[in-house]
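*Asks:* Dropping the structure in here first, questions after.
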Amino acid sequence: MSSVRVLVGTRKGAFVLSSDGKRERWDVGGPYFTGWEIYHVKGSPVNPDRLYASQSSGWFGQMIQRSDDGGKTWEPVGNEFTYEGVPGTHQWYDGTQRPWKFTRVWHVEPSLTDLDTVYAGVEDAALFRSTDAGKTWQELAGLREHPSGPNWQPGAGGMCLHTILLDPSNAERMFIAISAAGAFRSDDAGKTWRPINRGLKSEQIPDPNAEVGHCVHRIAMHPSRPDVLFMQKHWDVMRSDDAGDSWHEVSGNLPTDFGFPIDIHAHEPETIYVVPIKSDSEHIPPDGKLRVYRSRTGGNEWEALTNGLPQRDCYVNVLRDAMAVDSLDSCGVYFGTTGGQVYASADAGDNWSPIVRDLPPVLSVEVQTLP
Amino acid sequence: MIRVVLPAHLRTLARVSGEVELDVDGEPTQRSVLAAVEDRFPVLRGTIRDHVTEKRRPFVRFFACGQDLSHEPADAALPDAVATGSEPFLIVGAMAGG
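Chains A and B are the protein sequences, given in the same order. Oh and the first sequence: position 283 is 283 in my numbering, straight run, nothing missing. Residues are numbered in my numbering as their position in the second sequence, beginning at 1, plus a constant of 1000.
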């Protein structure tokens, strides 16, 4: 019988939540790396027992941890992220230029085809790749060296590269997103990049054709349709049908189109999920009600999913990497909150229940569907 | 023989408990002691000082013999009591955060 493993990164460690395919009873493994911030944990599609975790600390910096037994044991493997050449400068909050400086790894993305290849999105924004299972890291410097680089600036959380999408139908194509520079695409396996932000509109950017500067919070892609992308921007939920060459808004009837995560049903590429948040200055659910919104039409028409979620006095946030789906039938949907709850729905969002309620603030959630 | 006390998180990374004892060639300094720590425990490279510049990470402090040595030059001699092993060299995570 199939089973599910939910990989949870929190402000104070990592947790591995396991269940059989019914997804009713859960074992809670961890905490691992107690006391460290775990921005992201993700498994390899080649061998699901190979996991990578981004472990960081304001005191001791960055570490990449690797597991080869599904998270039971871990080994620290590498922590040197050095920008290629002289890294130059980017724009700071006050408009001055500031040198690129590595802070942490926000997102790890294992290769779809090679067990020992893994990508890392870092702050200050850059993309790194390891081909030796996380021991050594080399920057794919063509991204940071894009001519627009000096105009990139940090969002409130830092200038982070938080999204890495690998095209399963084209090994040369990948997408990344940076707060607050925007989305970029490579068609040569990461050597060169171009901004893909046409159609994005941001109030703070007067130029409607601005190439960069948009605060993209998250992008999602269904593996069966890699040219269709969905985006949760700072404000606005967006859709592209041409691999990011152009975007149009699909916020429709959402109560607010501010938010962080966005994800797609495993078997229905037009079914997407977001968690509306009140505003950019108030990162709480509207009206104290925690609601996931689902569109079965690829956007524009949204329905609130509330069964089992708190509908009063709830003031948590759901961060950009803290939602994921499994590929069982029916599709499971999972998300974690800054209040330490991880909610699961085994029926595509119709009904929810908490797997755990009292973890540290959740930074990321990933799901593995195991045979 | 130099005695070094690592903070708890770094002991976990290095998979050691208690003090670490190291041999350092020549007169011990912050730089030579930290190099010896990193040689013995490569996993700690970059966690105490920067990989490239060897600059101390901002929230890491060095103490010995009741003194804060964090701002001493990296090549300054450590106190005799550290050099003889009668006192440990303390690597400490600064009080900060929540």
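By construction, the Cβ of each residue, glycine as well, lies at the ideal position given by its N, Cα and C atoms. Predicted, not measured: the structure shown is a model, and the values here were computed from it.
(1) Going by DSSP in three states, residue 169 of chain A sits in which element: helix, strand or coil?
(2) Identify the continuous beta strand (DSSP E) that holds residue 304 of chain A and give its terminal residues.
(3) Give me, in chain order, the residues of the same chain whose beta-carbon lies closer than 7 Å to that of residue 152 of chain A; leave out the 5 immediate sequence neighbours on both sides.
(4) Applying the criterion that 16 or more other CB atoms from any shown protein chain within 10 Å of the CB defines a buried residue, is residue 384 of chain A buried or exposed?
(5) Can you give the Cα-Cα distance for residue 166 of chain A and residue 93 of chain A, rounded to whole angstroms?
(6) For the stretch 1038-1066 of chain B, which residues have a beta carbon sitting closer than 7 Å to at least one beta carbon of chain A?
(7) If we call anything under 8 Å between Cβ atoms a contact, is residue 7 of chain A one with residue 43 of chain A?
(8) What would DSSP say about residue 363 of chain A, mapped onto helix, strand or coil?
(9) Helix, strand or coil: how does DSSP classify residue 6 of chain A here?
(10) Under the three-state reduction of DSSP, which class applies to residue 1057 of chain B: helix, strand or coil?
(11) Use the C-beta contact count for residue 251 of chain A: other C-beta atoms within 10 angstroms, 16 or more gives buried, fewer gives exposed.
(12) Is the shortest distance between the beta-carbon of residue 1035 of chain B and the beta-carbons of chain A less than 8 Å?
(13) Taking 8 Å as the threshold (beta carbon to beta carbon), is residue 130 of chain A in contact with chain B?
(14) Around the Cβ of residue 257 of chain A, are there at least 16 other Cβ atoms within 10 angstroms (buried) or fewer (exposed)?
(15) Would residue 63 of chain A count as contacting chain B if we go by Cβ distances under 8 Å?
(16) Indicate whether at least one CB of chain B lies closer than 8 Å to the CB of residue 79 of chain A.
(17) Mind reading off the beta-carbon distance from residue 134 of chain A to residue 52 of chain A? Whole number of angstroms is fine, and I expect it under 8 Å.
(18) Please report the straight-line C-alpha distance between residue 311 of chain A and residue 74 of chain A, rounded to a whole angstrom.
(19) Given residue 195 of chain A, which residues of its chain have a CB within under 6 Å of its CB, disregarding the five upstream and five downstream residues?
(20) If we call anything under 8 Å between Cβ atoms a contact, is residue 246 of chain A one with residue 228 of chain A?
(21) Taking the DSSP output, what are the residues bridged to residue 215 of chain A?
(22) DSSP has residue 1035 of chain B in a bridge; who is on the other side?
(23) Is the shortest distance between the beta-carbon of residue 1094 of chain B and the beta-carbons of chain A less than 8 Å?
(24) With C-beta atoms as the reference, is residue 340 of chain A less than 8 Å away from residue 314 of chain A?
(25) Would you say residue 60 of chain A reaches chain B, if we count a Cβ-Cβ gap shorter than 8 Å as a contact?
(26) The alpha helix (DSSP H) with residue 89 of chain A in it runs from where to where?
(27) State the start and end residues of the unbroken beta strand (DSSP E) segment that holds residue 129 of chain A.
(28) For residue 1036 of chain B, which residues in the same chain have their Cβ closer than 6 Å to its Cβ, ignoring the five residues on either side in sequence?
(29) Give the interface partners of residue 1006 of chain B over in chain A, defined as CB-CB distance under 9 Å, in chain order.
(30) In the DSSP output, which residue or residues are listed as bridge partners for residue 240 of chain A?
(31) Does the beta carbon of residue 67 of chain A come closer than 8 Å to any beta carbon on chain B?
(32) With distance defined between alpha-carbon atoms, name the residue in B/1020, B/1013, B/1072 nearest to residue 1085 of chain B.
(33) Can you tell me which of A/283, A/297, A/25 puts its alpha carbon nearest to the alpha carbon of residue 268 of chain A?
(34) From the beta carbon of residue 1069 of chain B, is the nearest beta carbon of chain A less than 8 Å away?
(35) Does the distance from the C-beta atom of residue 104 of chain A to that of residue 117 of chain A stay below 8 Å?
(36) If you draw a straight line from the alpha carbon of residue 1017 of chain B to that of residue 127 of chain A, how long is it in whole angstroms?
*Replies:* Per the coordinate set shown:
(1) coil
(2) 303-305
(3) 90, 91, 125, 159, 178, 181, 212
(4) Nothing about residue 384 of chain A can be reported from this structure: the residues present for chain A run from 1 to 371 only.
(5) 31 Å
(6) 1043, 1046, 1047, 1051, 1052, 1057, 1059, 1060
(7) yes
(8) strand
(9) strand
(10) coil
(11) buried
(12) no
(13) no
(14) buried
(15) yes
(16) yes
(17) 6 Å
(18) 39 Å
(19) 182, 184, 211, 212
(20) no
(21) In DSSP, residue 215 of chain A forms no bridge with anything.
(22) BP columns for residue 1035 of chain B are empty, so no partner.
(23) yes
(24) no
(25) yes
(26) Segment 89-91 is the beta strand (DSSP E) holding residue 89 of chain A; no alpha helix (DSSP H) there.
(27) 126-130
(28) 1022, 1024
(29) By Cβ distance, chain A contributes nothing, its closest Cβ being about 10 Å from residue 1006 of chain B, past 9 Å.
(30) A/229
(31) no
(32) B/1020
(33) A/297
(34) no
(35) no
(36) 36 Å
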